[in-house]
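A.B. asks: Residue numbers (my numbering): 235 to 348.
Glycine is no exception: its CB is placed at the ideal position from the N, C-alpha and C atoms.
Here it is, the structure in full.
Structure (structure tokens):
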């Protein structure tokens, strides 16, 4: 039997790994919508780029751009995307949520359902 030390042993997400075909575009999106700093990019081998996007409180997106990998081009409807369908980010406050929502709607990335 496993013991628990005062409850859940996790306190959140450290990072999420995502694939992209355009690191700069994704970084700009997170900067413009969420005020995230520009991605820190590590390119240590040809055809492989890892970029880190700070999404707050020590959490980050690990963004991989890999030459020849077309997975990021697939656009499938919600609940048809595989085991991990989507990620919900937590706004820092209700005011931050409203501003994020406004920015998403303004750029056509969300409707008023959000």
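1. Answer yes if the segment 259 to 266 comes into contact with the segment 283 to 300, meaning at least three C-beta pairs across the two stretches below 8 Å, and no otherwise.
2. Do the segment 295 to 311 and the segment 247 to 256 make contact, defined as three or more Cβ pairs closer than 8 Å?
3. What is the residue span of the alpha helix (DSSP H) that residue 267 lies within?
4. Look up residue 296 in the DSSP assignment and give the residues it is bridged to.
5. Tell me whether residue 326 is buried or exposed, calling it buried when 16 or more other Cβ atoms sit within 10 Å of its Cβ.
6. Please say whether residue 257 and residue 283 have beta carbons closer to each other than 8 Å?
7. With DSSP as the reference, label residue 338 as helix, strand or coil.
8. Going by the beta-carbon positions, is the gap between residue 246 and residue 306 smaller than 8 Å?
C.D. replies: Taking the geometry as given:
1. Touching, per the Cβ criterion.
2. At 8 Å Cβ cutoff, the stretches touch.
3. It spans 257 to 268 - the alpha helix (DSSP H) in which residue 267 sits, taken as one unbroken run.
4. DSSP lists 251 and 286 as the beta-bridge partner residues of residue 296.
5. Around the beta carbon of residue 326, fewer than 16 other beta carbons lie within 10 angstroms, which makes this residue exposed.
6. In contact: residue 283 and residue 257 (Cβ atoms closer than 8 Å).
7. The answer is helix: DSSP assigns residue 338 an H, G or I state.
8. Contact flag unset, no.
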